[in-house]
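Sequence positions in the sequence shown follow the working numbering and run 2 to 520. For each residue, glycine too, the CB sits at the ideal point set by N, CA and C. Please read all numbers here as calculations on a predicted model, not as lab measurements. Everything on this sheet refers to the single structure shown next.
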Amino acid sequence: MNHSKLLSANEAVMQINDNSTIVVGGAGGGLAEPTALLMALEERFLNTTSPRDLTFVHITGVGDRKEGGMCHVAHEGLVKCDIGGHWDYLPKMARLASENKIEAYNLPQGALSQLFREIAANRPGLVTHVGLKTFVDPRIEGGKLNSRTTKDLVHVMNFAGQEKLFYEVFPVDVAFLRGTTADEDGNITMEEEAAIFENLAIAQAVRNKGGKVFVQVKRLASRGTLHPKHVKIPGILVDGIIVCPEQKQTVASYYNPAYSGEIKIPLQKIQPIPFDERKVIAMRAALEIPAKGVINLGVGISGSVGVVATEMGLENQFVFAVEQGVIGGVPAGGIEFGASSNPLAIIDTPSQFDFFDGGGIDLACLGMAQVDGFGNVNVSKIGDRIIGCGGFINIAQNAKQIIFCGTFTAGGLEVEIRDGQLTIIKEGRHKKFVHQVDQITFSGEYANETGQKVMFVTERAVFEIGDQGLILTEIAPGVIIEKDILAHMDFMPVISSELKEMNSMLFSPYIGRRVTNKV
2 MNHSKLLSAN
12 EAVMQINDNS
22 TIVVGGAGGG
32 LAEPTALLMA
42 LEERFLNTTS
52 PRDLTFVHIT
62 GVGDRKEGGM
72 CHVAHEGLVK
82 CDIGGHWDYL
92 PKMARLASEN
102 KIEAYNLPQG
112 ALSQLFREIA
122 ANRPGLVTHV
132 GLKTFVDPRI
142 EGGKLNSRTT
152 KDLVHVMNFA
162 GQEKLFYEVF
172 PVDVAFLRGT
182 TADEDGNITM
192 EEEAAIFENL
202 AIAQAVRNKG
212 GKVFVQVKRL
222 ASRGTLHPKH
232 VKIPGILVDG
242 IIVCPEQKQT
252 VASYYNPAYS
262 GEIKIPLQKI
272 QPIPFDERKV
282 IAMRAALEIP
292 AKGVINLGVG
302 ISGSVGVVAT
312 EMGLENQFVF
322 AVEQGVIGGV
332 PAGGIEFGAS
342 SNPLAIIDTP
352 SQFDFFDGGG
362 IDLACLGMAQ
372 VDGFGNVNVS
382 KIGDRIIGCG
392 GFINIAQNAK
402 QIIFCGTFTA
412 GGLEVEIRDG
422 QLTIIKEGRH
432 KKFVHQVDQI
442 TFSGEYANET
452 GQKVMFVTER
462 AVFEIGDQGL
472 ILTEIAPGVI
482 IEKDILAHMD
492 FMPVISSELK
502 EMNSMLFSPY
512 IGRRVTNKV
């Protein structure tokens, strides 16, 4: 047998030189995370202080929000620069960025994902509308996360009479990827992974730039035994195979066959979500779900919209689509976000974002940390805390309809819901409707220009975007506008001449079926 491509993780990382750029595949929560390679690189650096001044690229937030994933390589001296789509899963790296100790960029997940096809094909970069008038736009922040970061990776250009953003390509030297099975020639399958991600595009890009592609797998097969249609990374692109029999599918699941599509599991009867203000928000948003629509949900309150829609007995048939490339099924929540039980299809991530960017999402329900009077939304950076945009910009900017879901204030909010009415018992400490957002992750101005339908749903009020900014269109029964709404906003919204009460049935704990009207 020819095992020339079989390496230990330590042998692989010994081939990395100073000032290299390493692309790390996979996603947060351990999905397709090449953990062994990251840990081996950390060990080499801590033992030898080499290699140094590396640039890391991660299309999502590779980590577990604690010490795992890319937190293993978040060391001063080892890292010179980090280009990431999401940062909340790797807090140690985010801390280096917020403390101005490394150069740091946050670019949209979709743009980064698609950019690797441009690098692979030796094209100069990606031309897209995604990111216009957000913090990624170089006229605002250019995706730079601190003062140490000065080079522009994004440029404004005029293309055929239209304003676009140009994301320029950058050098790539090493890829850390993960699959399930490798044969002796390095052909890689991903049968136990929850998604395919950008593995092919990354491997092609690094290979065509003369770099090294290392792939962590669970097992080794004999040459010629893998079905060619199952191979996701051809062996001609792979320089080293690292076999890790103990690798887990996610940080929370050793192997869930319902995530990989191996089997379809019977879904348990949906447990009702506890009745509180968060459920009221999810129910109001669920009333907007279009029949036979393609739906994308965020995390938190917005992630509950699908479950609540089923509880409400809404008969709309809809399909979930997750940015990691999963279509259909039931999206996983929490740390395993990106996987889905019983998916209908799993495609590569760049193709999923092609669909999203072109308007393929009928309705997206996403969160909101801050909103200003122009309808700008921030979810990516709160004070000094770097969270990152992930796929938020691609999704929010391009969905036919977007609903931002969240409580009206945050931090200690207490409400009472009784007899179809809402009463504020204790206001939250933090305002969400502020004079100016800390960072523009969603541009209300751009949405207004494109005619996108945008709603903001809270437990006490519903807003829409109009020519003059936010318009108050609905209030909860029992709420006093001046005392409960306007007093807790840093700006004055337009109050609709057709202001309505939210359906009082949304505020009844006995609601279970068939709330179909919106007012």
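Cα-Cα separation between residue i and residue j, rounded to whole angstroms
i, j, result
"residue 26", "residue 203", "8 angstroms"
"residue 345", "residue 497", "42 angstroms"
"residue 488", "residue 427", "14 angstroms"
"residue 115", "residue 470", "33 angstroms"
"residue 312", "residue 239", "48 angstroms"
"residue 348", "residue 494", "42 angstroms"
"residue 290", "residue 321", "11 angstroms"
"residue 307", "residue 287", "7 angstroms"
"residue 343", "residue 259", "5 angstroms"
"residue 439", "residue 227", "50 angstroms"
"residue 98", "residue 75", "10 angstroms"
"residue 39", "residue 220", "19 angstroms"
"residue 297", "residue 16", "41 angstroms"
"residue 161", "residue 46", "48 angstroms"
"residue 113", "residue 481", "45 angstroms"
"residue 176", "residue 35", "10 angstroms"
"residue 262", "residue 179", "18 angstroms"
"residue 422", "residue 490", "22 angstroms"
"residue 432", "residue 478", "21 angstroms"
Beta-carbon proximity check, residue i vs residue j, cutoff 7 angstroms
i, j, result
"residue 187", "residue 8", "no"
"residue 138", "residue 105", "no"
"residue 248", "residue 256", "no"
"residue 389", "residue 87", "yes"
"residue 18", "residue 41", "no"
"residue 380", "residue 459", "no"
"residue 326", "residue 350", "yes"
"residue 365", "residue 396", "yes"
"residue 62", "residue 337", "no"
"residue 463", "residue 450", "no"
"residue 111", "residue 354", "yes"
"residue 358", "residue 295", "no"
"residue 200", "residue 233", "yes"
Residues near residue i by beta carbon distance below 6 angstroms, same chain, minus five either side
i, result
"residue 222", "182 and 184"
"residue 418", "508"
"residue 72", "64, 91 and 93"
"residue 301", "368"
"residue 276", "510"
"residue 174", "21, 22 and 212"
Helix, strand or coil at residue i according to DSSP, with G and I counted as helix
i, result
"residue 475", "strand"
"residue 519", "In this predicted model, residue 519 has a pLDDT of only 36, less than 50, meaning its place in the structure is not dependable enough to derive any value."
"residue 131", "coil"
"residue 279", "helix"
"residue 355", "helix"
"residue 260", "helix"
"residue 90", "coil"
"residue 253", "coil"
"residue 83", "strand"
"residue 415", "strand"
"residue 424", "strand"
"residue 74", "helix"
"residue 444", "coil"
"residue 461", "coil"
"residue 227", "coil"
"residue 117", "helix"
"residue 492", "coil"
"residue 486", "helix"
"residue 237", "helix"
"residue 450", "helix"
Beta-carbon proximity list for residue i, same chain, < 8 angstroms, skipping 5 on both sides
i, result
"residue 149", "101, 102, 103, 104 and 105"
"residue 37", "10, 217, 243, 245 and 248"
"residue 360", "399, 400 and 401"
Contact set for residue i: own chain, Cβ-Cβ below 7 angstroms, skip 5 residues either direction
i, result
"residue 448", "376, 455 and 466"
"residue 122", "none"
"residue 119", "126, 127 and 170"
"residue 152", "none"
"residue 81", "54, 55, 56, 103 and 104"
Residue i Cβ short of 6 angstroms to the ligand GTP heavy atom set
i, result
"residue 433", "For the ligand GTP, the structure offers nothing, since it holds no ligand at all."
Continuous alpha helix (DSSP H) assignments of at least 4 residues falling wholly in the region 382 to 413: 393 to 399
Inside the region 148 to 218 only - alpha helix (DSSP H) runs reaching at least 4 residues: 200 to 209
Entirely enclosed alpha helix (DSSP H) segments - the region 9 to 68, minimum 4 residues: 10 to 14 and 36 to 49
Entirely enclosed alpha helix (DSSP H) segments - the region 287 to 363, minimum 4 residues: 306 to 312 and 350 to 358
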